[in-house]
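Residue numbers for the sequence shown follow this note's numbering, beginning at 108 and rising by one.
Built from N, CA and C at the ideal position, the CB exists for glycine as well.
Below is one structure, written out as structure tokens; the observations come after it.
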Amino acid sequence: MKSRHLFAKLTAIAAVSAALLLASGPASAHCDGLDGPVAKAAHQALDAGNVNQVLIWVQKNDEADIKHAFEHALSVRKLGPAARELADRYFLETLVRVHRAGEGAPYTGLKPAGRDLGPAIPAADRAIETGAAEPVVKLLTDAVKHGIHEQFQGVSATKSFAKDDVTAGRKNVAAYVDYVHYVERLYDAAGKPAHGHSPEPAAAVHAH
């Protein structure tokens, strides 16, 4: 019973760690999609004429630039359908670029709607929409459990080798390093914000 409780706690920690890793990696960049949350907020703000609906997506010191771009877009929109389309595109590109810069991420252009984001980001968004976190927790828990078992098996399968077999020994060391670093990254991620702006702890590096 005690071991089951411990495993449940470890699984929960692993799931949180995986979520943080996913949030901090390149795959998180769905905010630059034409069907992403920033684009949706931009269209809603322009239609409502309310810039406050998009200011939440940028840093405070970027508010003036966004307000200027917003007012310019509203003015151009009045010139006709073609002008409206161009104005919307201009404002959306400006908003996404500034939002990305605030995250410390490069702007590489707007991405097409409907692109494959993998399972994690859609699951995270659905959890917010439905108010139920269980599906995303299960997705992450299963992924982390699979990853740990796979790394662990890699070490276990190579740990028996003749002491003079350097090639086999190196194979075991490589598997061991991958395994330890994988576990270490999960553990470290649990104590860091998603964008990793906190200072590195003194004992953060387990150098192999």
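*Proximity below 9 Å, CB of G209 to CB of D172*: Within the sequence shown, residue 209 is the residue found at index 102, counting from 1. Within the sequence shown, residue 172 is the residue found at index 65, counting from 1. Against a cut-off of 9 Å, the Cβ pair of D172 and G209 comes out as no contact.
*With distances taken Cα to Cα, identify the nearest neighbour of H253 among Y286, K270 and E200.*
The count along the sequence shown starts at 1 and reaches residue 253 at position 146. Comparing Cα-Cα distances from H253 to each of Y286, K270 and E200, the minimum goes to Y286.
*Between the C-alpha atoms of V273 and V251, what's the straight-line distance to the nearest angstrom?*
As a first step, residue 273 must be located in the sequence shown, where it is residue number 166. As a first step, residue 251 must be located in the sequence shown, where it is residue number 144. Their backbone Cα atoms lie some 31 Å apart in a straight line.
*Find the nearest neighbour of L246 within the set G225, G238 and D139, judged by alpha-carbon distance.*
The residue labelled residue 246 in the question sits at position 139 within the sequence shown. Minimum Cα distance to L246 is reached at G225.
*Buried or exposed: where does R222 fall if 16 or more other Cβ atoms within 10 Å of its Cβ makes it buried?*
As a first step, residue 222 must be located in the sequence shown, where it is residue number 115. It is exposed - the Cβ of R222 has fewer than 16 other Cβ atoms within 10 Å.
*How should A269 be labelled, buried or exposed, when 16 other C-beta atoms within 10 angstroms of its C-beta is the threshold for buried?*
Walking along the sequence shown from the start, residue 269 turns up at place 162. Exposed, since its Cβ has fewer than 16 Cβ neighbours within 10 Å.
*Classify K147 as helix, strand or coil using the three-state DSSP reduction.*
In the sequence shown, counting from the first residue as 1, residue 147 sits at position 40. Of the three classes helix, strand and coil, the one that applies to K147 here is helix, per DSSP.
*Report the three-state DSSP secondary structure of G140 (helix, strand or coil).*
Numbered from its first residue, the sequence shown carries residue 140 at position 33. DSSP places G140 in strand when its eight states are reduced to three.
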